[in-house]
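The structure under discussion appears below in the form of structure tokens.
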Amino acid sequence: MNDSMYAQWLALACGAFLLAGVLVLWRRDLAAIVRLFALQGVALGAMVVVLGLRQGSVHLVAVAVGVGALRAGLLPYLMRRALDTPPPGNGTAGEEARETRPLVNVATSLLAAAVLALVAYAVSQPIVRLSPGPATQAVPVALTVLLVGFFVLVTRRRALSQVVGFLLIDNAITATAFLTTSGVPLVVELGVSLDVLLAVLVLQVLTTRMRAAFGGTDLGELRELHD
Amino acid sequence: MNVPGTLLTVALGLCLATALLAPAVPARIRPALSGLGTAAAGAVGAAAGGAAMAGHAWSAWLPDLLPLAGVRLALDPLGGLFVAVTGGVAVCAGVYGIGYARHGLSGRVVQATLPLFVASMLLVPAAASVSTLLVAWELMAITSLLLVLAEHGRRTAVGGAGLWYAVMTHLGLIAILAGLAGLAAGAHGEAFDQLRAAHLPPLARDAVFLATFAGFASKAGVVPLHAWLPRAHPEAPSHVSALMSAAMVNMGVYGIARVGLDLLRGSSEGGAPAWWWLLVLAAGGVSAMYGILQAAVSADLKRLLGYSTTENMGLVLMGLGAAGFFATRGAPRLAALALVAALLHVVNHAAFKTLLFQAAGSVLYATGTRDLDVLGGLRARMPYTTALFAIGALAASALPPGNGFVSEWLLLQSLVHAIPASGVAGAVALPLAVGVVALSAGLAVATFVKAFGVGFLARPRSPEADRAVESPPSMLGGMGLAALCCAALALGPTVIVPGLARAVGTLLPGAAPATGPVSGPVSGPAMETVTLHLSGIAGTMSPLLIAAAVVAAIILLAGAVRMLAARGRRVARLWDCGVGPMSARMQYTATSFAEPLQRVFDDVLRPETDVDVTPKQESAYLVERIRFHALVPDRIERRLYGPVLAAVDAVGRRARALANGSVHRYLAYGFWTLTGLLILLAVIP
């Protein structure tokens, strides 16, 4: 893979990665959010594949396939399952499947994402300067997705959106790790992935329990939990 | 690996093996396993310390045991002394714990933590780098906290004591961590050898000393950082109280000596500032006075012993402070003498406090109470415990032939002989210090006469005391061992003085041995071995001869009284004002015994008394009931800690508005902090 091909493919993967992250803020339909997250998983996998091909490392490509399978396959599947579980009694399924009233509305959220992207670019300049190259120049993208993920956590009400926000942060951390180093050891990546999987399973259980207790998954209902 | 290294490794291995095995065996034999394992580890540890005191140095570096820094261990005579003391206390506590644990303490956590606690206390004096010391220190804090909380299900006070202890020990850790981290940063290395070679600027050096002094002093229970001690020591199981009070508090003394006299050596070339050591002397003096005063008016037997620990640690710090002060004034001989006195008092205090706490535990075990006002009459019911407590009380009251007398006499000698040549500060401080030592010794006599007389003699003041039975043999064995140590230290302190002199040599290099075979008017090989000669000043003492003289005098006196009294003896009823037979409630109680003292020190103690009179309905002159309630609060604690706690509480109440229960709000705090920080980083070039 020559230099320009490498740069273009990497830019494409990173672009898809960023776009999927920002679009999560735009869509209200939870099923669409999960699809966007799966798309981002594919983009992340592609990014790592490109890096692996560039370094000629079969090992890294194998890791990429694993990362992709987890983030584009298993995790979205688990979230779909939580989403498709019918609410007990005659719950309002239509209400439940949508992010109806985010704390910050969609237009403002997109503007905020733009501001966060600016911050991310400004902050990661020292990292880019360390060793300029296509991979390090993509670090701001990963940082933007991290901030967007955090923003989703802060402003979205549904438990599933929270899970997605959390996973966006994790995707961004993984992307940063692969972009700034020449491949993460397999053990570390396995550990992180297992951690994420466990967190999602726990959050899935939480979602189910919340539905059983309150009939909805609005985290605003959890206000009573303070001393 | 040489002798002390091998022995210390074996001791630590025994502790670890016991801790791993104890949870696995059935509850019936668990206390025996844990107790014997702890005792064996203690014995081996004491041997390791003894070997180090005999001059076999040892050091080891285990780079793989802890990440980043590794573990550095070393035993020099000073560390060996504290290892040996800890080992000795662990032997007594281990044996005693076998019987004491039948009292519902055979649970897995308690029995597995006990050997780990001992292991951590063996490690602290053997640590030779900052990280090793801090890890061992924290292990000691956590294991002792778990043991303090062992009986939390039975008394509500245990939880509060544990909280106080946890907070204060960790604040102490922070102070030590800050001080030693500052020292290590200045030395560009954290091994003790590098710290010794460091040259810190004066301001940094003072800060390091003050921070570590505060941290270590809080562990030693020095006023005003003592607030946890009279809470935690009484509430812990009694063998744990013994370990804490006789071994753990010593680590504070060790830390102050190690940092102030050893590790800061390179930084204080040309003499450490004299005010450091005057501060130590003053803190020791205040602790000695306040501790023994509170002990004198306390009616709770274990609380009394806890305050007595504060007093004795105060005396040790006075010796240490005097030693440092003399060293700065260029009087190495006196410095060495004061330091020997301080270290000898550490050993003596460990011996008698082990014995006293175990005896108090034995009383608690038999009667279920620690309140002296409802005890009494135990002499007939628990003869061995009574005899053993008497030995401990004699030692603690600093009277000959007890072992406490020897070290306090040495301390007084060093202070008195230094007065002429110590400048203005010394001329003011040292006479005061002499007065404090003398007064605390006098009050200690009153305190222990009260504890022994009211607690064990006369008639039982409650049915619980009346039903008391003697403790099981293992408990008596543990106490007996401690009593033997007391007796040995009382009669033959000359045996361990060479080891102490070596420990002093590590702290004050170049100082001549403080005591030694100087030919005096009465000399000869037999006299040399039993007599302490103070070199440089005219002073000799032979504890063995004093003891023999005291015993002979007592025998003569008792014989004379018996012979004289036998002639005119006549039996009659006691005068009881005509109201009938006197009841046990008419006896002196601990409170009434201490009342005159309380009156004398009224301005210091500020006791609170409350008299509640309930008259009969028909007449205001006929009284139905009078209720008298007396309380001596810890005034320093109330004045010093009260405002701080109130302020923290107020801040906490106000901060509650920040946490309204909304998950989004909590997440937003994190989000804004992160983005704010990032923006700040982006703006600042």
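Taken in sequence, the protein lines are chains A and B.
Residue numbers for the first sequence follow the numbering used here, so the first one is 16 and each next one is one higher.
Residue numbers for the second sequence follow the numbering used here, so the first one is 46 and each next one is one higher.
Heads up, the beta-carbon is just placed ideally off N, CA and C, and yes, glycines get one too.
As summarised for the segment 146-174 of chain B, the continuous alpha helix (DSSP H) elements at least 4 residues long and confined to that stretch are 153-168, given in chain order. For L456/B, the CB contacts under 8 Å within the same chain, skipping 5 residues up- and downstream, are L360, M363, G364, A367, A383, A386, A387, H390, V482 in chain order.
Here DSSP, grouped into helix, strand and coil, assigns R644/B to helix. When DSSP assignments are scanned along the segment 590-653 of chain B, the uninterrupted stretches of alpha helix (DSSP H) that are 4 or more residues long and fall wholly within it turn out to be 635-645, 647-650. Counting other Cβ atoms within 10 Å of its Cβ, A35/A reaches 16 or more and is therefore classed as buried.
Closer than 7 Å to the CB of F165/A there is at least one CB belonging to chain B.
Rounded to the nearest whole angstrom, the C-alpha separation of S283/B and G152/B is 16 Å.
Between I724/B and chain A, the shortest Cβ-Cβ separation is below 7 Å.
DSSP places R250/B inside the alpha helix (DSSP H), whose first and last residues are 247-265. The beta carbon of L75/A lies closer than 7 Å to those of V63, L66, G67, G198 in the same chain, with the five residues before and after it left out.
Annotation: the continuous beta strand (DSSP E) that includes R672/B extends over 668-676.
Against L66/A, chain B offers no close residue; the least beta-carbon distance is about 25 Å (beta-carbon pairs closer than 8 Å). If the five residues before and after S332/B are omitted, its C-beta is found closer than 8 Å to the C-beta atoms of G266, V267, V268, H271, T355, E356, M358, G359, L362, all from its own chain and listed in chain order. Shown here, D657/B sits in a strand according to DSSP, grouped into three states. For A157/B, the closest alpha carbon among the candidates P428/B, P517/B, T188/B is that of T188/B. Taking all protein chains shown into account, N448/B has 16 or more neighbouring C-beta atoms within 10 Å of its C-beta and is therefore buried. Not one beta carbon of chain B lies nearer than 7 Å to the beta carbon of L213/A.
Excluding sequence positions up to five before and after R200/B, its CB lies within less than 8 Å of the CB of E280, all in the same chain and listed in chain order.
The three-state secondary structure of H101/B, taken from DSSP, is coil.
At least one C-beta of chain B is nearer than 7 Å to the C-beta of V169/A. Note that the segment 239-257 of chain B does not touch the segment 135-151 of chain B; fewer than 3 beta-carbon pairs, one per stretch, sit closer than 8 Å. Note on geometry: alpha-carbon atoms of L346/B and L400/B lie some 13 Å from one another.
Non-local beta-carbon contacts of L110/B in its own chain, meaning distances under 8 Å to residues more than five positions away in sequence, involve V116 in chain order. Within the same chain, L178, A181 come within 6 Å of A172/B by CB-CB distance, once the 5 residues on both sides are set aside. Separation of the CB atoms of G369/B and V325/B is rounded to 6 Å, and the pair is thereby assigned contact status at 8 Å.
Residues of chain A with a Cβ closer than 8 Å to the Cβ of L703/B do not exist, since the nearest Cβ in that chain sits about 10 Å away. When 7 Å is used as the limit between beta carbons, L162/A is near these residues of chain B: T720, in chain order. Below 8 Å, too few C-beta pairs join the segment 210-218 of chain B and the segment 131-145 of chain B to call them touching: fewer than three.
Contact annotation: V668/B and P678/B have beta-carbon atoms that are not nearer than 7 Å.
With its beta carbon at least 7 Å from every one in chain B, A127/A lies outside the interface. Taking CB atoms only, A700/B has no neighbour in chain A less than 7 Å away. With contacts defined as CB atoms closer than 7 Å, A97/A and Q219/A qualify as a contacting pair.
Take the alpha-carbon of A87/A and the one of T191/A: they are about 18 Å apart. Y666/B is positioned such that its CB atom lies no closer than 7 Å to that of S516/B. In the same chain as F501/B, and ignoring 5 residues on each side of it, the C-beta atoms closer than 7 Å to its own belong to L423, R424, T431, F434, in chain order. Secondary structure at A236/B: strand, using DSSP grouped into helix, strand and coil.
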